[in-house]
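Inspection log for the structure reproduced underneath, given as C-alpha cells.
Residue numbers (the working numbering): 9 to 271.
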C-alpha cells in the first residue's frame, strides 16, 4: 500500500522534510538568541539613559575605548568650545532622513584635555560639497555641557567608509584617535552627543535619543519557525494519506473497468 514511498519523488520529498525540521528548530533558537540580545541591549540603553550624569573624566580618559556599559551614559564637562578647529562629519541624516552634516567641535576642559562634542545636525546648504557649511556658533566662554557618551566610530562598527582626500575640515568618522593626531592634543576616548544646553534657534539639531530594538519581533519569529517545524511532518502525513487515497480510488476504477460487461 505504501510502496510508493520508495519512489524517487517520495524519497526526495521525505529527505527534504527531514532536513527542514531541524533547520527550522535551529532558526527558532537563533531568533530566541537574538531576542535575548536585543532585550539585554534595550535594558543597557535604558539603564544608561536614566542614570545620573557624572563628570566625563570619571568614565573616559585619553586613549580609552568606551564600553557597552558606558555607552549612552549621561556625562557633564566644563570648559570652552574651540570653534577654530571645528569640523563637520559628512553624510549624516536627521530625524527626517535628510542628508547633511554633524558638527564636531573640540571642547577644551579646564585641565587642558579635549572632549569631542557632536553638537548636532545641520543641512548641507553650502554652495558645493567642497565648501565648509555655515555652522551656528556655540556659547562662548566657559560653560558646562551635558551629553551621551559614545564610542569612537570605526568603519568595521559603522559600515561608513573612511574616505581620504576630503575637503578641508570635513571627516567621515568621529574618532578620538584621529582627532588627537589632527589637534595635537590629549583627546578623551569616544565623544559625546550633546543634550544640553539647547542651541539657539534649534540649530544645530540635537541628535535624538537611541531607539529600542524590536525584541518582541524576534520572539514572534521564533514561535513562527517552531510552528513551521511542526507543520512539516503534519503536511507530510497529509500528503501521504492523500496519495494513498488517490491510489486506492484509481485501483477501484481500474478494477471496475476490467470487469466484463454483463450480458
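Glycine included, C-beta positions come from ideal geometry on N, C-alpha and C. Because the structure is a prediction, the values reported are computed rather than measured.
Cβ contact annotation for residue 102 (same chain, cutoff 6 Å, sequence separation greater than five): 129, 213, in chain order.
In the three-state reduction of the DSSP assignment, residue 108 falls in the strand class, which pools E and B. Within the same chain, Cβ atoms closer than 6 Å to the Cβ of residue 43 are found at 223, 226, 227, the five residues on either side in sequence being excluded. Taking a C-beta distance under 8 Å as the contact criterion, residue 127 and residue 180 do not qualify as a contact pair. Between the alpha carbons of residue 221 and residue 81 lies a distance of about 18 Å. Note that the C-beta distance between residue 209 and residue 144 is below 8 Å. In the DSSP annotation of this structure, the continuous segment of the alpha helix (DSSP H) that includes residue 224 starts and ends at 223-266.
Taking the Cα of residue 73 as reference, the smallest distance to any Cα among 171, 184, 95, 113 is reached at 184. In the DSSP annotation of this structure, residue 194 is not part of any alpha helix (DSSP H), being labelled neither H nor E.
Boundaries of the alpha helix (DSSP H) around residue 28: 16-58. The criterion of a C-beta distance shorter than 8 Å is satisfied by residue 153 and residue 85. With fewer than 16 other CB atoms across the displayed protein chains lying within 10 angstroms of its CB, residue 92 is exposed. Proximity of the region 43-54 to the region 111-125 falls short of the contact definition, fewer than three beta-carbon pairs being nearer than 8 Å. Unbroken beta strand (DSSP E) stretches of 3 residues or longer found wholly inside the region 110-144: 122-131, given in chain order. Under the three-state reduction of DSSP, residue 82 is assigned to strand. The Cβ neighbour count for residue 12, taken over all protein chains shown within 10 Å, is under 16; the residue is labelled exposed. Just so you know, the alpha carbons of residue 108 and residue 178 end up roughly 12 Å apart. Here residue 97 carries a strand assignment [DSSP, helix/strand/coil]. Rounded to the nearest angstrom, the gap between the Cα atoms of residue 32 and residue 14 is 25 Å. Pairing residue 188 with residue 70, the inter-Cα distance amounts to about 9 Å. Per DSSP, reduced to three states, the secondary structure at residue 184 is helical. Cα atoms of residue 242 and residue 46: separation of roughly 33 Å, rounded to the nearest angstrom. Within the DSSP bridge table, the entry for residue 68 names no partner. With contacts defined as CB atoms closer than 8 Å, residue 125 and residue 202 qualify as a contacting pair. Rounded to the nearest angstrom, the gap between the Cα atoms of residue 23 and residue 240 is 12 Å. Nearest to residue 151 by alpha-carbon distance, out of 138, 131, 246, 207, is 207.
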